[in-house]
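Trainee: Chains as they are written, first to last, in this note's numbering: chain A, 7 to 388; chain B, 7 to 388.
There are 2 protein chains.
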Amino acid sequence: MKLDALDTPAALIDISRMERNITRMQARMDALGVKFRPHVKTTKCLEVVRAQLAAGAKGITVSTLKEAEAFFSAGVTDILYAVSIAPSKLARAMALRRKGCDLKLVVDNVPAAWEVAKFGREQRASLEVWIEVDTDGHRSGMTPEQDALLEVGRILHEGGAKVGGVMTHAGSSYELHTPEALSALAEQERAGCVRAAQRLRDAGMPCEAVSVGSTPTALSAGTLDGVTEVRAGVYVFFDLVMHNVGVCSIDDIAMSVLATVIGHQPEKGWVILDAGWMAMSRDRGTSRQRHDFGYGLPCALDGAPLNDWVLSGANQEHGILSPAKPQSANGPQDINVTTRFPIGTKLRILPNHACATGAQFPEYHALSDDGETTVWSRFHGW
Amino acid sequence: MKLDALDTPAALIDISRMERNITRMQARMDALGVKFRPHVKTTKCLEVVRAQLAAGAKGITVSTLKEAEAFFSAGVTDILYAVSIAPSKLARAMALRRKGCDLKLVVDNVPAAWEVAKFGREQRASLEVWIEVDTDGHRSGMTPEQDALLEVGRILHEGGAKVGGVMTHAGSSYELHTPEALSALAEQERAGCVRAAQRLRDAGMPCEAVSVGSTPTALSAGTLDGVTEVRAGVYVFFDLVMHNVGVCSIDDIAMSVLATVIGHQPEKGWVILDAGWMAMSRDRGTSRQRHDFGYGLPCALDGAPLNDWVLSGANQEHGILSPAKPQSANGPQDINVTTRFPIGTKLRILPNHACATGAQFPEYHALSDDGETTVWSRFHGW
């Protein structure tokens, strides 16, 4: 189906941009001499993951067991479930391993380590566990120098589980916006994770994998000595938050929401679209960054950004497009919005956060350079 | 399945609370002498809508044609699609009417009225259209005194469409929090919509229906003279935003997200849950209200609110629970979080916005008073 025949709202993927983003990241990882394990939470879409694997990715990272089950069914076996395991999820994880999935779990605390070891003994099966390391204080994990790091390692190792590696995610990179700060954080992420691995190895545990990553640090690391693999997710589509962080240009953003003009409030300079927060998501990630893009940056149907406009408001199924800048003598507020954006006009809105916006849709429409679109389904839930 | 056996995160519906909310609203509408047309965008769930209709609701309101199609397939025929129609959606709407669905469209501008009239003539079929009226300036619609109101009415009426009524939504009620301001806005909503209907009738158009509503104004209106029906959606579950508006108590909130403790950062007083923004949604509606509930208010598994705690942060699949109040000598920050909320503890998080949180899940788990749960599926997309 042609782009202009799609019903709206619809989530579009610009295939050329996506392929370029995949190539860029894989080439960088190849140059740094590490494996790349994309985080599929961004897309939950088989066609995208196949493109990542075809470009050279080794295995995938998932944020839910549903992702692990779906991608294992599609033939992917090397899977890291990168959220500290809830004991009640162990049976579901074990079922996947019994079917032949090389599923690796994550633990960052002593009680969960005991539960994993106990479950493995009861089931007479060895689980592979990676230990989560906290390298920037933003969320989960144990710090590299913490006593509990070795305690968790020993409980697992002596309890019959395989201590397969350590992993960290410097998610505070999303709050930065200079190359210097980003490369410093990438080095902090690298050094902390390598140090944790070294301590575990010195204490007699194998700990082969040293896994780091976030899109900003992956694209900012100078060297990755001691690291075996990198994880990143949102790089495949990029978004306005990543643009503000400074790791992509607007022209790299591969995902947009196709919307139709359905009304106007001319005195206010408002254009009403049929894409509200149900389509864009409620993510306002750019509100705390150097450029606030509201609920998204509108583009013409050919993808050209309309930098004088912003999706400034959103109800469930209504978006409000308005002038981006304060009023001036020749600003867009002097334009008659009813003739500038007539009823039925289609626009493409770049999202703040591709992971959140994608999750609002049951499918993507993948757009080729010739204007043809193909449905790529995605799943949601847990 | 019993509540404590559910995998997490899961969206729970407390059936007793939901039934109480439905009864309260229907009794109020009966007392005011108007029909009630619930907005099903909140739930997109057949079991909930059946309960609303069983209690006395007449017809439904939808925010997407997908909702109209799904509920018509399930036997609901009287449907108002309450978003100004995009011309490209007319064929899909007409297909529903041809199958016997009494689908009513909405228009709030001259070009769309021309498109509807033209489409009806081309298809040799009459469409029913309600005209959207702007009574509070928050979004769409024409003001009651606007010349274009009559112009739109005439284009439709003389073009062969049925001008079935007027409708308005005083969505700015979400920004209020006193009974006086709410009842004043309810009266403004009523008076403006009735006035618009009167002008259309005086100009020779039938305009039978006068449809108003939002959950806060529906629960605050003193009289509804001249109004024929009220619409409201979120009242069926309520949420923390509605609590801050002042139209429900915490004990009325029927929806919550079941989550499991998966980690801790004891020095920070953080408890890590397996419910992040993918489960709660990115909606931070209470951030601009009198009580900011972060990403949600935690409750024990039995539903008792833990008012000293708040879901203060959220990554995609990680939520951060932390003390709600600034540090004090005897505050919860002095509690050892690892013993207060051990790994595996299950909690229920009340959401900021039930419409947004529900949309993150493929299904609800409806919870009876005996602790048994039943799956109620819901749909998403357009």
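No residue lacks a Cβ here, since even glycine has one placed at the ideal position from N, Cα and C.
1) Check A/Leu353 in the structure and name its three-state DSSP category.
2) Could you tell me the boundaries of the beta strand (DSSP E) in which B/Ile85 lies?
3) Look up A/Ile19 in the DSSP assignment and give the residues it is bridged to.
4) What number of angstroms, rounded off, separates the C-alpha of A/Val316 from the C-alpha of A/Cys305?
5) To which residues of the same chain is A/Arg207 closer than 7 Å at the C-beta, ignoring the five residues directly before and after it?
6) What are the residues in the stretch 77-100 of chain A lying within 8 Å of chain B by C-beta distance?
7) Determine whether the Cβ of A/Phe243 lies closer than 8 Å to any Cβ atom of chain B.
8) Can you tell me whether DSSP reads B/Pro272 as helix, strand or coil?
9) Have a look at A/Thr67, A/Ala61, A/Phe347 and flag the residue whose alpha-carbon is nearest the alpha-carbon of A/Ala33.
10) Between B/Ala99, B/Ala92, B/Ala101, which has its C-alpha nearest B/Pro117's C-alpha?
11) Answer with buried or exposed for B/Met7, where buried requires no fewer than 16 other C-beta atoms within 10 angstroms of its C-beta.
12) Compute the distance between the beta-carbons of B/Tyr370 and B/Trp382, then report whether it is under 8 Å.
13) Excluding sequence positions up to five away, which residues of its chain have a Cβ less than 8 Å from the Cβ of B/Gln194?
14) Roughly how many angstroms separate the alpha carbons of A/Asp357 and A/Phe243, rounded to a whole number?
15) Could you check which residue in A/Leu96, A/Gly39, A/Val112, A/Asp10 has the C-alpha nearest to that of A/Val68?
16) According to DSSP, A/Gly319 sits in a beta bridge with which residue or residues?
17) List, in chain order, every chain B residue whose beta-carbon is nearer than 7 Å to that of A/Thr70.
18) Give me the subset of the stretch 134-162 of chain A whose CB atoms are less than 7 Å from a CB atom of chain B, sorted by chain position.
19) So the alpha helix (DSSP H) B/Asp153 belongs to, where does it begin and stop?
20) Please report the distance separating the alpha-carbon of A/Ile161 from that of A/Val46.
21) Determine the burial state of A/Gly377: buried for a count of at least 16 other Cβ atoms within 10 Å of its Cβ, exposed for fewer.
22) Take A/Val200 as the anchor and find which of A/Pro185, A/Val218, A/Ile278 has the nearest alpha-carbon.
23) For B/Met286, which residues of its own chain have a beta-carbon under 8 Å away from its beta-carbon, when the five flanking residues on both sides are left out?
24) Once DSSP output is grouped into helix, strand and coil, what is the label at B/Lys110?
25) May I have the straight-line CA-CA distance separating A/Gln271 from A/Ile278, to the nearest angstrom?
26) For the alpha helix (DSSP H) that B/Cys199 lies in, which residues bound it at each end?
27) Tell me whether B/Gly171 is buried or exposed, calling it buried when 16 or more other Cβ atoms sit within 10 Å of its Cβ.
28) Between the stretch 162-179 of chain B and chain A, which residues of the former have CB atoms less than 8 Å from a CB of the latter, in chain order?
29) Return yes when the Cβ of A/Met31 is within less than 8 Å of the Cβ of A/Ala238, no when it is not.
30) Which chain A residues sit within Cβ distance under 8 Å of B/Ile278?
31) According to the neighbour-count rule (16 or more other Cβ atoms, all chains shown, within 10 Å of its Cβ), is A/Lys331 buried or exposed?
32) For B/Gly350, is the beta carbon positioned less than 7 Å from some heavy atom of the ligand COA?
33) Mind listing which residues of the stretch 44-59 of chain B have their C-beta closer than 8 Å to chain A's C-betas, in chain order?
34) If distances are taken between C-alpha atoms only, which option among A/Glu121, A/Asp257, A/Phe78, A/Gly252 comes closest to A/Arg103?
35) Only counting the same chain, and skipping five residues up and downstream in sequence, which positions put a Cβ closer than 6 Å to that of B/Thr266?
36) Tell me which same chain residues have a C-beta within less than 6 Å of the C-beta of A/Val40, skipping the five on either side of it?
Mentor: So, from the data block:
1) As a first step, residue 353 of chain A must be located in the first sequence, where it is residue number 347. Of the three classes helix, strand and coil, the one that applies to A/Leu353 here is strand, per DSSP.
2) As a first step, residue 85 of chain B must be located in the second sequence, where it is residue number 79. It spans 84-90 - the beta strand (DSSP E) in which B/Ile85 sits, taken as one unbroken run.
3) Residue 19 of chain A sits at position 13 when you count from the first residue of the first sequence. A/Met261, A/Ala372.
4) As a working mapping, residue 316 of chain A is identified with position 310 in the first sequence. As a working mapping, residue 305 of chain A is identified with position 299 in the first sequence. Computed Cα separation, rounded: 10 Å.
5) Sequence index remark: in the first sequence, residue 207 of chain A carries index 201 (1-based). So the qualifying residues of the chain are Cys213.
6) Val89, Ser90, Ile91, Ala92, Pro93, Ser94, Lys95, Arg98
7) As a first step, residue 243 of chain A is located in the first sequence; it is residue number 237 there, counting from the start. No, A/Phe243 lies away from the interface with chain B (no Cβ there is under 8 Å from its Cβ).
8) One-based indexing of the second sequence puts residue 272 of chain B at position 266. Helix.
9) Start at 1 with the first residue of the first sequence, and residue 33 of chain A comes out as number 27. Nearest option by C-alpha distance: A/Ala61.
10) Numbered from its first residue, the second sequence carries residue 117 of chain B at position 111. When each option's Cα is compared against that of B/Pro117, the closest is B/Ala92.
11) For the purposes of this step, residue 7 of chain B is taken as residue 1 along the second sequence, with counting starting at 1. It is exposed - the Cβ of B/Met7 has fewer than 16 other Cβ atoms within 10 Å.
12) The residue labelled residue 370 of chain B in the question sits at position 364 within the second sequence. The residue labelled residue 382 of chain B in the question sits at position 376 within the second sequence. Closer than 8 Å, so yes.
13) By 1-based counting over the second sequence, the position of residue 194 of chain B is 188. Around B/Gln194: Thr141, Asp142, Ala176.
14) In the first sequence, counting from the first residue as 1, residue 357 of chain A sits at position 351. In the first sequence, counting from the first residue as 1, residue 243 of chain A sits at position 237. Sequence check: residue 357 of chain A is Pro here, not Asp. Answer to the nearest angstrom: the Cα atoms are 10 Å apart.
15) Counting from one through the first sequence, the residue named residue 68 of chain A turns up at place 62. A/Val68 has its Cα closest to that of A/Val112, out of A/Leu96, A/Gly39, A/Val112, A/Asp10.
16) Translated into positions along the first sequence, residue 319 of chain A becomes position 313. A/Gly319 is bridged to A/Ile326.
17) Here residue 70 of chain A corresponds to residue number 64 of the first sequence, with the count starting at 1. Going along chain B in sequence order, the residues near A/Thr70 (Cβ under 7 Å) are Glu323.
18) Arg145, Ser146
19) Residue 153 of chain B sits at position 147 when you count from the first residue of the second sequence. Residues 153-164.
20) As a first step, residue 161 of chain A is located in the first sequence; it is residue number 155 there, counting from the start. As a first step, residue 46 of chain A is located in the first sequence; it is residue number 40 there, counting from the start. Cα-Cα distance, rounded: 30 Å.
21) Along the first sequence, one-based indexing puts residue 377 of chain A at 371. Answer is exposed; the Cβ neighbour count stays below 16.
22) Taking the first sequence and counting its residues from 1, the one referred to as residue 200 of chain A is at position 194. Ranking A/Pro185, A/Val218, A/Ile278 by Cα distance to A/Val200 puts A/Val218 first.
23) Residue 286 of chain B sits at position 280 when you count from the first residue of the second sequence. Excluding sequence neighbours, B/Met286 sits near Val263, Tyr301, Gly302, Leu317, Ala320, Gly325, Ile355, Pro357, Asn358, Thr363, Gln366.
24) For the purposes of this step, residue 110 of chain B is taken as residue 104 along the second sequence, with counting starting at 1. Strand at B/Lys110.
25) By one-based count along the first sequence, residue 271 of chain A stands at place 265. By one-based count along the first sequence, residue 278 of chain A stands at place 272. Taking the straight line from one Cα to the other gives about 8 Å.
26) Looking up residue 199 of chain B in the second sequence gives position 193. Start and end: 185-208.
27) Position 165 of the second sequence, counted from the first residue, corresponds to residue 171 of chain B. Buried, since its Cβ has 16 or more Cβ neighbours within 10 Å.
28) Gly177
29) Taking the first residue of the first sequence as position 1, residue 238 of chain A is located at position 232. Taking the first residue of the first sequence as position 1, residue 31 of chain A is located at position 25. Yes. Within cutoff.
30) Residue 278 of chain B sits at position 272 when you count from the first residue of the second sequence. Chain A residues near B/Ile278: Ser90, Arg145, Ser146.
31) Looking up residue 331 of chain A in the first sequence gives position 325. Exposed.
32) The ligand COA is not among the ligands present in this structure, which contains no ligands whatsoever.
33) Lys47
34) Here the question's residue 103 of chain A lines up with position 97 in the first sequence. It is A/Phe78.
35) Looking up residue 266 of chain B in the second sequence gives position 260. The answer, listed in chain order, is Thr14, Asp280, Lys352.
36) Translated into the one-based positions of the first sequence, residue 40 of chain A becomes position 34. Excluding residues within five positions, the ones whose Cβ falls inside 6 Å are Leu230, Val233, Glu235, Val236.
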